[in-house]
Amino acid sequence: MTKPVRLDNPVIEIVDVSKRYQTEGATAVNVLDHINLSIRENEFVVLLGRSGCGKTTLLNVIAGLTPVSEGEVRVNGERVAGPGKGKGMVFQQNALFPWLTAKRNIAFAAINRGLTRKLADNLASDLLNLVDLAGAGDKYPFELSGGMQQRVAIARALALDPKILLMDEPFGALDELTRNEMQDELLRVWSARRKTLVFVTHSIWEGLMLADRVIVMSPRPGQILLERRIELPRPRSRTDLTLLATYDEIWAALDHKTLTAMPARKAAS
Amino acid sequence: MRPRARLSERLAGMLSVIVMLTIWELASRFGWQDPQILPAPSEALLAAARLLGPWDLAQHVGISLFRILAGFGLAAVVGVSLGIVLGWSPLAARCLRPFVEVLRPIPPLAWLPLAIIWFGLGEPSKVFVIFLGAFFPIFTSAWRGMTMVSPTLIRAAQTMDVDGARLLWQVAIPATLPDIAAGLRVGFGLAFGILVAAELIAAKSGMGYLIMEARQLGQLGIAIFGIFLIGVVNLVADHQLARAVRATVGRWSNV
Amino acid sequence: MTHRGYRRLGDAAVPGVILIAFVAGWEAVVALGWVRPIQVPPPSRIVASALELALDGFPAGTLLGEHVGITFLRILTGYALALALAMPLGLLIGSNRTLDAATAPIVTFCRSVATLSLLPLAVVWFGVGEASKVFLIGYGCFWVMLSNTIAAIKLVDPVLISAARTMDTPPAHIFFKVALPAALPRMVAGARVALGVGFMVIVGAEMIGTTRGLGALIMEARTFYRSDITVVGMFVIGAIGLALSWGLTCAEAWLLPWERRQQERDP
Chain E
1 MTKPVRLDNP VIEIVDVSKR YQTEGATAVN VLDHINLSIR ENEFVVLLGR SGCGKTTLLN
61 VIAGLTPVSE GEVRVNGERV AGPGKGKGMV FQQNALFPWL TAKRNIAFAA INRGLTRKLA
121 DNLASDLLNL VDLAGAGDKY PFELSGGMQQ RVAIARALAL DPKILLMDEP FGALDELTRN
181 EMQDELLRVW SARRKTLVFV THSIWEGLML ADRVIVMSPR PGQILLERRI ELPRPRSRTD
241 LTLLATYDEI WAALDHKTLT AMPARKAAS
Chain P
270 MRPRARLSER LAGMLSVIVM LTIWELASRF GWQDPQILPA PSEALLAAAR LLGPWDLAQH
330 VGISLFRILA GFGLAAVVGV SLGIVLGWSP LAARCLRPFV EVLRPIPPLA WLPLAIIWFG
390 LGEPSKVFVI FLGAFFPIFT SAWRGMTMVS PTLIRAAQTM DVDGARLLWQ VAIPATLPDI
450 AAGLRVGFGL AFGILVAAEL IAAKSGMGYL IMEARQLGQL GIAIFGIFLI GVVNLVADHQ
510 LARAVRATVG RWSNV
Chain G
525 MTHRGYRRLG DAAVPGVILI AFVAGWEAVV ALGWVRPIQV PPPSRIVASA LELALDGFPA
585 GTLLGEHVGI TFLRILTGYA LALALAMPLG LLIGSNRTLD AATAPIVTFC RSVATLSLLP
645 LAVVWFGVGE ASKVFLIGYG CFWVMLSNTI AAIKLVDPVL ISAARTMDTP PAHIFFKVAL
705 PAALPRMVAG ARVALGVGFM VIVGAEMIGT TRGLGALIME ARTFYRSDIT VVGMFVIGAI
765 GLALSWGLTC AEAWLLPWER RQQERDP
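Following this line, the structure appears as structure tokens:
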């Protein structure tokens, strides 16, 4: 358990949050165990860990899609009681509406928060330009590649003019080359439209490339293992060796915590 | 997208049809088989042309089409609506499910005698039975489709402040459209078979009746003509339905 | 009982209660004279008629058991014949691209011909006896099974065939030990559809020109205004349909032990 970091004006406050799942007969599983976390405005935070460590659950809790068993989540001072209301989200699986074109998908989010059709269409065009898909507005999702679909999904989340942006392994389903492109793309978009961003991944290197702060989590019970700030300016090089030390640190922490049954690793020569 | 058949394959298809028709024709002509039992295609066409006025034919086809459109249309409206309601509301599903499970195993044709008792020998009894035939596949696919809407889509909509009635109309129902379309096609096919059966058994007009009457008058040629006519009408109607589906739902999904 | 146990009982009880309430309401509505019993026979009457059918028989002394037996025999004969012909033929056609292309229009067309429309022809060819009915059932089941079998063998995952070839499998083995088992699940699904078609056909076929068999039973009952017997017949037909479907499911489990049936919640 980490000590809560006190920030002056946190946008997201996770206070002593626990999430329990009770299955019939078995003992209760603490997917999240007394998590404390504060995220400041426009900070890019990455939640990192193996599958099943609770990082996605934590994201869902912030989004309001999953209720907490204990504790409280506040966004901009208000308690989170449900999804929506400025908490934009991008999912790993395809969440675009297949019956709407790319442009209409984005406009949907805008119309939903009250814009007229014309204003929504204009906003959608702007956002399509932002994510480099100016010509693809009239295509249906099934006509777009995986990377393009995720770009539309990001644009759609931005169309909400959200307070915070939550991303659940958005590039997990893409091949490595596309994934690298998308990471660059995301950073470019984020620098143009700064938002508080919480990003979930299982890739250590992805976290190091993107984050201001990396939060490493471990499973059963779901806890924060360690936190590291990455102060390097962006865009960061994928072959930057100064990040290796942090990589090793995180790897060792994860390795040690999750493979407790195996004998201790010999130190690398 | 389905790959288009190679030209040689399509030619082979047409060739085999021609060959079959030729063999059939020759078999009757040269007495390899009794023309009383199975008249040649040319005979069938001639008999139809001679004895069946175009106006009569149009009337029979017309009444058949009316029946199936009425029955199918009704089934589409009721089936889709009911399927959506039961798929959306678990409470409604639990209440109505026992009735569905009890009635579903009964083949629609088995309702015909009861339908005649209720509605007499006129149009409503046939339309009712056709309705039942199309209803169950349409209803089931709409229901299933609703319960299987991708939860990710629902969650994504929820993050955009969409819930309640808007979630139903703007997300759940569009997402179910491919399943509904598939159900409509199956329902139509079944309805057609039932139409013909109902007309054979208990009607005084329509394509099925035409065949029955032809046989009773010993006009086998007309009967064969009628059978082919039904096959052609069925294919054409299904083709049109498939086209309509491809033009709407097919634009954004693999249907 | 645990909390969950109570909940499960509740889940099962709700449909039961609804049906019982419905039946009671049905009986009441007829008893109160809101509906004529000739239109809507009350449940009590239906049960009585069921017994009458089983013990005395209708019409003219044919017992319910006889009707059921005859219908069963007709379906199973036609169905078995159709499958015996359609499966080898389908496998052959589906394995050969040219043959498939050549026969495709014929298969599609014959499948679109409404089976019952052949009834008058069947009577001319086979007389009014059993043969014409078996023929009709066979015809309907055959084309459905044929087109499904053709599709089944065509849709075998090419990866499986490639894998077999890399292991020096002789061609006959590739067909019988790889392609056929791979196609089997879809063939069973086709058999299920064919059974449904056969079932529909027999009910219709029995409504004309015969007094024995379940279809004949309900049609004759109507002529005598015995709507109660009609309803009994309908339910029996439904039960037969379920029994046939269940039989096929058992056969499927025996044929396809490697297919783990997902417990889908079937609407």
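Chains as they are written, first to last, in the numbering used here: chain E, 1 to 269; chain P, 270 to 524; chain G, 525 to 791. From the three backbone atoms N, C-alpha and C, an ideal C-beta is built for every residue, glycine too.
| Query | Result |
| --- | --- |
| May I have a chain-ordered list of the beta strand (DSSP E) segments no shorter than 3 residues that lie completely inside the stretch 50-104 of chain E? | 70-75 and 87-90 |
| Classify E/L177: buried if its beta carbon has 16 or more other beta carbons within 10 angstroms, exposed otherwise. | exposed |
| Kindly indicate which three-state DSSP category G/K701 falls into: helix, strand or coil? | helix |
| For a cutoff of 8 Å on Cβ pairs, would you count P/W324 as touching chain G? | no |
| Under the three-state reduction of DSSP, which class applies to E/K139: helix, strand or coil? | coil |
| Would you list the residues sitting across from E/V17 in a DSSP beta bridge? | E/I35 |
| If you measure from the beta carbon of P/R366 to each beta carbon in chain G, is any gap under 8 Å? | yes |
| Give me the DSSP bridge partner(s) of E/V46. | E/F199 and E/V214 |
| CA-CA distance, P/T416 and G/L779? | 30 Å |
| Below 8 Å, how does it come out for the stretch 196-203 of chain E and the stretch 46-62 of chain E: are there three or more Cβ pairs, yes or no? | yes |
| I want to see whether chain G comes within less than 8 Å of P/M289, judged by CB atoms only; does it? | yes |
| Give me the Cβ distance between E/V31 and E/G222, rounded to the nearest whole Å; I'm assuming they're in contact under 8 Å. | 5 Å |
| Counting contacts by CB-CB distance shorter than 8 Å, is P/A428 in contact with chain E? | Residue identity check: residue 428 of chain P is Thr in the sequence provided, not Ala. Output row for P/T428: interface = yes. |
| When you check each C-beta in the stretch 509-522 of chain P against every C-beta of chain E, which residues fall closer than 9 Å? | V518, R520, W521 and S522 |
| From the DSSP output, which residues share a beta bridge with E/E227? | E/I215 |
| Beta carbons nearer than 7 Å to chain G: which residues of the stretch 329-358 of chain P have them? | none |
| Taking only three categories from DSSP, how would you classify G/M611? | helix |
| How many whole angstroms separate the CB atoms of E/A159 and E/L127, which I take to be in contact at a CB cut-off of 8 Å? | 6 Å |
| Consult DSSP for E/R234 and reduce its assignment to one of helix, strand or coil. | coil |
| Measure how close the beta-carbons of E/K103 and E/I164 come, nearest whole angstrom, since I'm counting them as under 8 Å. | No, E/K103 and E/I164 are not in contact; Cβ-Cβ is about 25 Å, not under 8 Å. |
| Output needed in chain order: residues of the stretch 568-594 of chain G with a Cβ under 8 Å from some Cβ in chain A. | Checking the listed chains, one finds no chain A in this structure; the protein chains it contains are E, P and G. |
| Would you list the residues sitting across from E/D168 in a DSSP beta bridge? | E/V200 |
| DSSP on P/N523, reduced to helix/strand/coil? | coil |
| Quick check: is the beta carbon of G/S656 nearer than 8 Å to any beta carbon in chain P? | no |
| Could you work out which residues of chain P lie near G/G765, taking near to mean beta carbons separated by less than 8 Å? | P374, I375 and P376 |
| For P/Q485, tell me which candidate among G/L741, G/A740 and G/G733 has the shortest Cα-Cα distance. | G/G733 |
| Opposite E/N30 in the DSSP bridges: which residues? | E/R20 |
| Check whether chain G comes within 8 Å of P/W380, counting only Cβ atoms and requiring the distance to be less than that. | yes |
| Put E/V11 into one of helix, strand or coil per three-state DSSP. | strand |
| Should E/Q149 be labelled buried (16 or more other beta-carbon atoms within 10 Å of its own) or exposed? | buried |
| State buried or exposed for P/R298, treating a residue as buried only when at least 16 other CB atoms are found within 10 Å of its CB. | exposed |
| Ordered along the chain, which non-local residues of its own chain (more than five positions away) have a Cβ less than 6 Å from that of G/Y663? | T639 |
| Given a threshold of 16 other Cβ atoms within 10 Å of its Cβ, counted over all protein chains shown, does P/N523 qualify as buried or as exposed? | exposed |
| Between P/H508 and the rest of its own chain, which residues show a CB-CB distance below 8 Å, the 5 nearest in sequence each way excluded? | none |
| If the cut is a Cβ gap below 7 Å, which residues of chain G does P/G282 touch? | A625, A626, A628 and P629 |
| Could you give the DSSP three-state label for E/R265: helix, strand or coil? | Note that E/R265 has pLDDT 44, beneath the 50 cutoff, so the model's placement of it is unreliable and no number is given. |
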